[in-house]
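Please read the structure below before turning to the comments.
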Amino acid sequence: MAERGFSVSRLPGFSTVAVMVFVALYLPIAMLVVFSFNSGTSVAIWEGVSLRWYVSAWANEQVKEATFRSLIIASAASIVATTVATMAALGTTRRKAFKGQTLIYVMINQPLMVPEIVTAVALLIFFATIKVATGYQGLGYLIAAHSAFCIPFAYLPIRARLEGMDYTLETAAADLYATPWQTFRRVTLPLLMPGVIAGMMLSFVTSLDDVVITLFVKSAGQDTLPTYMLAQIRRSVTSEVNAISTVLLGLTVVMLTVFFLLTRKKD
Amino acid sequence: MSADAIIEAKSVTKTFGGPAEPVVALDHVSAAILRNEFFTLLGPSGCGKTTLLRLIAGFEMPDSGEIRLDGEEIGHLPPNKRPVNTVFQSYALFPHMTVRENIGFGLLMQGRAQTEIREIVDRMLELVRMVEMAERKTDQISGGQQQRVALARALAPQPKVLLLDEPLSALDYKLRKEMQIELKRLQHETGITFVFVTHDQEEALTMSDRIAVMSNGKINQIGSPREIYTHPVNRFVADFIGETNFIEAQLEKGVARLAGGARVAIETGHADGAVTLAVRPEHVRIATQGAQGAIPATVADSVYFGTDSHVYLALDDGTEVVARLGTDASGHSGPEAGDKVFVDFAPGSVQVLEA
Numbered sequence: 001m002a003e004r005g006f007s008v009s010r011l012p013g014f015s016t017v018a019v020m021v022f023v024a025l026y027l028p029i030a031m032l033v034v035f036s037f038n039s040g041t042s043v044a045i046w047e048g049v050s051l052r053w054y055v056s057a058w059a060n061e062q063v064k065e066a067t068f069r070s071l072i073i074a075s076a077a078s079i080v081a082t083t084v085a086t087m088a089a090l091g092t093t094r095r096k097a098f099k100g101q102t103l104i105y106v107m108i109n110q111p112l113m114v115p116e117i118v119t120a121v122a123l124l125i126f127f128a129t130i131k132v133a134t135g136y137q138g139l140g141y142l143i144a145a146h147s148a149f150c151i152p153f154a155y156l157p158i159r160a161r162l163e164g165m166d167y168t169l170e171t172a173a174a175d176l177y178a179t180p181w182q183t184f185r186r187v188t189l190p191l192l193m194p195g196v197i198a199g200m201m202l203s204f205v206t207s208l209d210d211v212v213i214t215l216f217v218k219s220a221g222q223d224t225l226p227t228y229m230l231a232q233i234r235r236s237v238t239s240e241v242n243a244i245s246t247v248l249l250g251l252t253v254v255m256l257t258v259f260f261l262l263t264r265k266k267d
Numbered sequence: 268m269s270a271d272a273i274i275e276a277k278s279v280t281k282t283f284g285g286p287a288e289p290v291v292a293l294d295h296v297s298a299a300i301l302r303n304e305f306f307t308l309l310g311p312s313g314c315g316k317t318t319l320l321r322l323i324a325g326f327e328m329p330d331s332g333e334i335r336l337d338g339e340e341i342g343h344l345p346p347n348k349r350p351v352n353t354v355f356q357s358y359a360l361f362p363h364m365t366v367r368e369n370i371g372f373g374l375l376m377q378g379r380a381q382t383e384i385r386e387i388v389d390r391m392l393e394l395v396r397m398v399e400m401a402e403r404k405t406d407q408i409s410g411g412q413q414q415r416v417a418l419a420r421a422l423a424p425q426p427k428v429l430l431l432d433e434p435l436s437a438l439d440y441k442l443r444k445e446m447q448i449e450l451k452r453l454q455h456e457t458g459i460t461f462v463f464v465t466h467d468q469e470e471a472l473t474m475s476d477r478i479a480v481m482s483n484g485k486i487n488q489i490g491s492p493r494e495i496y497t498h499p500v501n502r503f504v505a506d507f508i509g510e511t512n513f514i515e516a517q518l519e520k521g522v523a524r525l526a527g528g529a530r531v532a533i534e535t536g537h538a539d540g541a542v543t544l545a546v547r548p549e550h551v552r553i554a555t556q557g558a559q560g561a562i563p564a565t566v567a568d569s570v571y572f573g574t575d576s577h578v579y580l581a582l583d584d585g586t587e588v589v590a591r592l593g594t595d596a597s598g599h600s601g602p603e604a605g606d607k608v609f610v611d612f613a614p615g616s617v618q619v620l621e622a
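In structure tokens form, the structure reads like this:
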């Protein structure tokens, strides 16, 4: 035992703690999923299996609208964030170390560190000024806000991938007459793709379930799925929310699986 | 410089690191590489040989000085604008492309037609004997095969100069020997100038038309393998290329006198004063007592190597000298440890270096 070294898994109570952690993580989600199939109106008393809440959510125009809005914002924000993050990652890894590099890292990752509520209030005030000045009331504010806080989620996996990539490959492409753009297009980007996809999915999911910033920034009638659900729960707890959550959960699991399969094949 | 030079470096200087702690990688290096020759940059790690190669490729820009290709100054062109290609130490094959796509990459970037690319790539695949592997990904072939693909990829656009950055160092001994022959064959068949970087003096001697021996950011000597081996210009070159005995001596009227009093015949034309004599171990011979130039010595050790014996000697003044003595059919390996012997040096084998 001594020669195999220290191992956490041999500490007393390890399996108990492990089981408790998994229960705490997954039991509430399991209950949410189970009760989304409840035929009764209660979210606590099981009355039988039914798809009525899915049907009701599907028929609900407000749910459809909020879902559509969420998907638009998440798609736009993840595309913007991934593009910006890719450029930032290239700028911070594909060159010699420069003065103030750490400061740049910190600034890029700012949304991870500044309390979300602070950002939310700041954006509310900032956008209010613009709204007054321009009169524009559209989804642009939400997309801009989501793009901003999604950047670090896209940046981190992309940078990790870039740092693991051999810079000699790009040197070799340049040596073989590729212009900087061709080098990026034909060598850097294809090899970076798993990182880009990971970054895009992370930012998509992050945008999809954001509540705090969205609540502060949205104009009237701009509910996203999470803010709609929050509003519903405040009025009365219905299993419709369970059904919507379960669908979101399913979507996330599918995305993660696709991502896993994609990256495994690429490597 | 020669009119037949394809690459000329003129007083090229390159430093790395900030102005506070500059590291001089190349210090006013000048060299001319001739058309169609196999030219080797040889030296220990950190001598600047790879930096010089990277400056020719365009991966680094010189601080000062000129690099000319076919008479045209290219020192500040980006790598993609220079008609030279590189074989990297790590091969740097594109892992997301097949062997065929790798070899065709340079041609594609040059904007050649698809049919032409196909034709040239087919020829290259044959040249490096990789036809069956054309559709494989690069991680599905062996190290030696990756090496050949890297060569084919760099040769396909028919560069004016092929740069090779220690390309054989990752291969095992047997494969390395094969690739040395392969490289010479490719150079003959393509007629392209090869600039080869290595720290392996044996590799340099067997493959090169000419060698530049470098140390501390400077070129010590440029010459054919024979010139460099037989007439090293300084102690560094003599020591780096093969094994050498160094013996301190005083020159008086054209005769070298060792500390123990023995006289050694040398070539004429050297100024009097303190010098270092350089003698290759294979030129140290056992002499008969009383013969002219015979120096008394004691055998410290003798190691039998089959084809020869390495005999470690101490001259009467204490200088340590190694001799390689041929063995005869009986396996007799010459003097044994503790023997008192006399040695001399083969005529014309003693090089006079600055002390």
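In order, the protein sequence lines correspond to chains F and H.
Reminder that position 15 of the first sequence reads as 15 in the working numbering, one-by-one numbering, no gaps.
All you need for the working numbering is the position in the second sequence, starting with 1, plus 267.
All residues carry an ideal CB built from backbone N, CA and C; glycine is no exception.
*Are the C-beta atoms of alanine 567 of chain H and some chain F residue less than 8 angstroms apart?*
no
*asked:* Less than 8 angstroms between the beta carbons of tyrosine 228 of chain F and valine 63 of chain F, yes or no?
replied: yes
*Check each residue of the segment 180-197 of chain F: if its Cβ is closer than 7 angstroms to any Cβ of chain H, include it; give the result in chain order.*
When C-beta distances to chain H are compared with 7 angstroms, the residues of the segment 180-197 of chain F below that value are Gln182, Val187, Pro190, Leu191, in chain order.
_chain H residues whose Cβ lies nearer than 8 angstroms to that of leucine 230 of chain F_ = Result: empty, since nearest Cβ-Cβ is about 44 angstroms, beyond 8 angstroms.
*Assign methionine 107 of chain F to one of three DSSP states: helix, strand, or coil.*
helix
*Residues of the segment 500-523 of chain H with a CB closer than 8 angstroms to any CB of chain F: list them in chain order, please.*
Of all residues in the segment 500-523 of chain H, none has a Cβ within less than 8 angstroms of some Cβ in chain F.
*asked:* Counting beta carbon pairs with one atom in the segment 163-170 of chain F and one in the segment 239-258 of chain F, are three or more of them shorter than 8 angstroms?
replied: no
*Would you call the CB atoms of alanine 57 of chain F and isoleucine 244 of chain F closer than 8 angstroms?*
yes
*Within the 8 angstroms Cβ cut-off, does aspartate 210 of chain F reach chain H?*
no
*Boundaries of the beta strand (DSSP E) in which lysine 607 of chain H is found, first to last residue*: 607-612
*CB valine 351 of chain H to CB isoleucine 323 of chain H, shorter than 8 angstroms?*
Contact flag set, yes.
_With distance defined between alpha-carbon atoms, name the residue in H:Gly373, H:Met400, H:Glu399 nearest to isoleucine 387 of chain H._
H:Gly373
_According to DSSP, simplified to helix, strand and coil, what is glutamate 275 of chain H?_
strand
*asked:* Between the alpha carbons of threonine 102 of chain F and aspartate 389 of chain H, how many angstroms are there, rounded?
replied: 49 angstroms
*Whose Cβ in chain H lies nearer than 9 angstroms to the Cβ of aspartate 175 of chain F?*
Ala324, Gly325, Phe326, Pro346, Asn347, Arg349, Val351, Asn352, Thr353, Phe355, Ala359, Gly373, Ala421, Leu430, listed in chain order.
_Residues within the segment 144-169 of chain F neighbouring chain H, beta-carbon criterion of under 9 angstroms_ = Taking 9 angstroms as the upper bound on Cβ-Cβ separation, chain H lies near residues Asp166, Thr168, Leu169 of the segment 144-169 of chain F.
*Residue from H:Val531, H:Gly527, H:Leu518 whose Cα sits closest to the Cα of alanine 538 of chain H*: H:Leu518
*Kindly list the residues whose CB is nearer than 7 angstroms to the CB of proline 289 of chain H, restricted to its own chain and excluding five residues on each side of it in sequence; keep chain order.*
Thr282
*asked:* Which residue wins for smallest C-alpha separation from tyrosine 440 of chain H, given the options H:Gly490, H:Gly411, H:Phe461?
replied: H:Gly411
*asked:* Please state the DSSP three-state secondary structure of threonine 16 of chain F.
replied: helix
_Can you tell me whether valine 617 of chain H is helix, strand or coil according to DSSP?_
coil
*Determine the direct distance from the alpha carbon of aspartate 175 of chain F to that of arginine 452 of chain H, and round the result to whole angstroms.*
24 angstroms
*asked:* Let's test the definition: count the other Cβ atoms within 10 Å of the Cβ of methionine 268 of chain H and tell me whether it reaches 16, buried, or not, exposed.
replied: The predicted model places methionine 268 of chain H with a pLDDT of 44, which falls under 50 and marks its position as unreliable, so this point remains unresolved.
*asked:* Which residue wins for smallest C-alpha separation from glycine 285 of chain H, given the options F:Glu47, F:Leu225, F:Ile117, F:Lys96?
replied: Residue F:Lys96 is the option with its Cα nearest to glycine 285 of chain H.
*Taking 8 angstroms as the CB-CB limit, is histidine 343 of chain H close to chain F?*
Chain F, which has no Cβ nearer than 8 angstroms to the Cβ of histidine 343 of chain H, makes this no.
*Compute every distance between the C-beta of valine 546 of chain H and the non-hydrogen atoms of the ligand NAP, then say whether any falls below 7 angstroms.*
For the structure depicted, the ligand NAP is absent and the ligand set is empty, with no information on it obtainable.
*Buried or exposed for serine 9 of chain F, please, with buried defined as at least 16 other CB atoms from any protein chain shown within 10 angstroms of its CB.*
exposed
*asked:* Is there a Cβ of chain F sitting closer than 8 angstroms to that of proline 424 of chain H, yes or no?
replied: Output row for proline 424 of chain H: interface = yes.
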